[in-house]
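Quick note, the sequence shown lines up with residues 1 to 385 if you use the numbering used here.
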Amino acid sequence: MLVLVGILLIFVHDYSKIKSYMEKKKIILTGDRPTGKLHIGHYVGSLRRRVELQNSGEFDKIFIFEADGQALTDNIENPEKVRQNVIEVALDYLACGINPELSTIFIQSQIPELCELTFYFMDLVTVSRLQRNPTVKTEIQMRNFETSIPVGFFTYPISQAADITAFKATTVPVGEDQEPMLEQAREIVRRFNYIYGETLVEPEILLPDNAACLRLPGTDGKAKMSKSLGNCIYLSDSADEVEKKVRSMYTDPNHLRVTDPGQVEGNTVFTYLDAFSRPEHFGRYLPDYADLDELKAHYRRGGLGDMKVKKFLAAVMQEELGPIRERRKEFEKDIPAVYEMLRKGCEVARAAAAETLSEVRKSMKLTYFDDEALIEEQVRRFRGE
Ligand code: TRP
């Protein structure tokens, strides 16, 4: 009899686990700081993947947002830049194929619940833990903040954890530089759930699977595409601009004559081909080669000129960027409709965040006025019972 009860208990226990696992929704959340138009580094690093995930139909909910509050943490001298770029980034999203019918697009500052959650999370993180965040460290160096680091900037990993957890995100598709932010978010979730009971969901990072997409270099070969370095190809660039930028791209500085053997590693044109080209492109634009490996082998041997490779890359990129550019132009014709789409997205997002926050307050027992037992308890205490 006891054995039977035991088996039954194990079954019931496992069953509730299986059930909760099955009920766990698959939710994507990701976003960008609106500090400039989006470029192809954003595209191969994350945007292209988001659209694929969106269209896969495998996710219950998808939230994509513009982190305007986070953008202000290092742009407080230039809030107008952030304001102007909110619409640019929204257009870039739509142009890439993010579909507001399938994904909720919203703006961070319009969701006050995120501030509240950040406020609670701040107690779960130490100053020294924040100081150890490698992304924040390099960003502080890059921006020459030295000793005048804004508190909001220093603590943005905490606010980012709130962005993610307020929507119970399970999956966060981002670039490699966001790894420390995800780790911080996971730590906060574990700490919160340990102290207050199982409430929040631990998110997983989803990195690009292609090494070239992990961190696409600038057209000048520098490690990162950045507006201030002037080495970006934007999603909104015209066909001519793309052509020009590809032609002036950094290759192998020792590949002087066509006959010279060339190096493919660290050669930006080849890195871009790794990120953009597919076997079918060869049939269309460069039928002498079966695939990228053959092209690379020829370049290494010598006898293949940079110009030929660049022309191929330009053709491949135009094929991918052309439709994006055209769609962007269409959306640009009705800007009020884009703001309306954002407004609706903010409404949906806010409702989702509000639901999580009400659970958070419950877990934290910050529900003084709904808690009759608490009031009763205090009444008895003051009566000296
Ligand atoms: N830090 C991200 C960036 O610089 C933007 C961002 C803010 C974000 N909150 C997020 C990304 C939450 C993913 C999840 O691009």
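From the three backbone atoms N, C-alpha and C, an ideal C-beta is built for every residue, glycine too.
- Taking a contact as a CB-CB distance under 8 Å, the pair L313 and V258 does not count as one, their CB atoms being some 17 Å apart.
- For the pair F65 and F119, the CB atoms are not nearer than the 8 Å cut-off.
- Distances taken from the Cβ of G31 to the heavy atoms of the ligand TRP include one shorter than 7 Å.
- In this structure, K37 and Y234 form a Cβ contact; the two beta carbons are roughly 5 Å apart against a cut-off of 8 Å.
- Non-local C-beta neighbours of V44 in its own chain, meaning closer than 6 Å and more than five positions away in sequence, comprise C213, L216 and A275, ordered along the chain.
- For R350 and S148, the gap between their C-alpha atoms comes out near 33 Å.
- Taking a cut-off of 8 Å on C-beta distances, the segment 361–378 does not touch the segment 125–136, as fewer than three cross pairs fall below it.
- Considered as a whole, the segment 243–293 harbours 268–276 and 279–285 as its complete alpha helix (DSSP H) runs of no fewer than 4 residues, in chain order.
- Look at V360 here: in three-state DSSP terms it is helix.
- Taking 7 Å as the cut-off, the C-beta of D163 counts as close to a heavy atom of the ligand TRP.
- Sequence-distant partners of T199 (beyond 5 residues in either direction) whose C-beta falls short of 7 Å from its own C-beta, in its chain, are F192, N193, E359, V360 and S363.
- With a cutoff of 7 Å, Q178 counts as near the ligand TRP, since its C-beta is closer than that to a heavy atom of the ligand.
- 8 Å or more divides the Cβ of M225 from the Cβ of K310.
- Shown here for L94: same chain residues with a beta carbon closer than 6 Å to its own, the five before and five after excluded, namely F331 in chain order.
- In the three-state reduction of the DSSP assignment, E101 falls in the coil class, being assigned neither a helical nor a strand state.
- Remark: the shortest separation between the CB of V86 and any heavy atom of the ligand TRP does not fall under 7 Å.
- For I375, the secondary structure class from DSSP, reduced to helix, strand or coil, is helix.
- Counting only the Cα atoms, Q318 lies some 38 Å from I111.
- Annotated three-state conformation of D237 is coil, per DSSP.
- The beta-carbon distance between I27 and K61, rounded to whole angstroms, is 5 Å. This is short enough to meet the 8 Å contact definition.
- Taking a 10 Å sphere around the C-beta of E347, we find fewer than 16 other C-beta atoms and assign the residue as exposed.
- Relative to V201, the option among K222, D209, D163 and C232 whose CA is nearest is D163.
- Ranking L229, T219 and R343 by CA distance to the CA of K244 puts T219 first.
- Closest in C-alpha terms to M181, from the list E139, E355 and H42, comes E139.
- In the DSSP assignment, L214 falls within the unbroken alpha helix (DSSP H) covering A211 to L214.
- Assigned with DSSP and collapsed to three states, D306 falls in helix.
- Contact fails between the segment 71–88 and the segment 319–329, because fewer than three Cβ pairs, one in each stretch, are under 8 Å apart.
- DSSP links T171 through a beta bridge to I28 and E204.
- The closest heavy atom of the ligand TRP lies less than 7 Å from the beta carbon of V172.
- For Q184, the shortest separation between its Cβ and any heavy atom of the ligand TRP does not lie below 7 Å.
- When beta bridges are read from the DSSP output, F65 appears opposite G31 and F106.
- Between P34 and M341, the CB-CB gap reaches or exceeds 8 Å.
- The closest CA to that of G322, considering only C96, L374 and T30, is found on C96.
- The Cβ atoms of I98 and R48 do not sit closer than 8 Å to each other.
- Considering only A161, L292, M307 and P279, the residue with the shortest C-alpha distance to A353 is A161.
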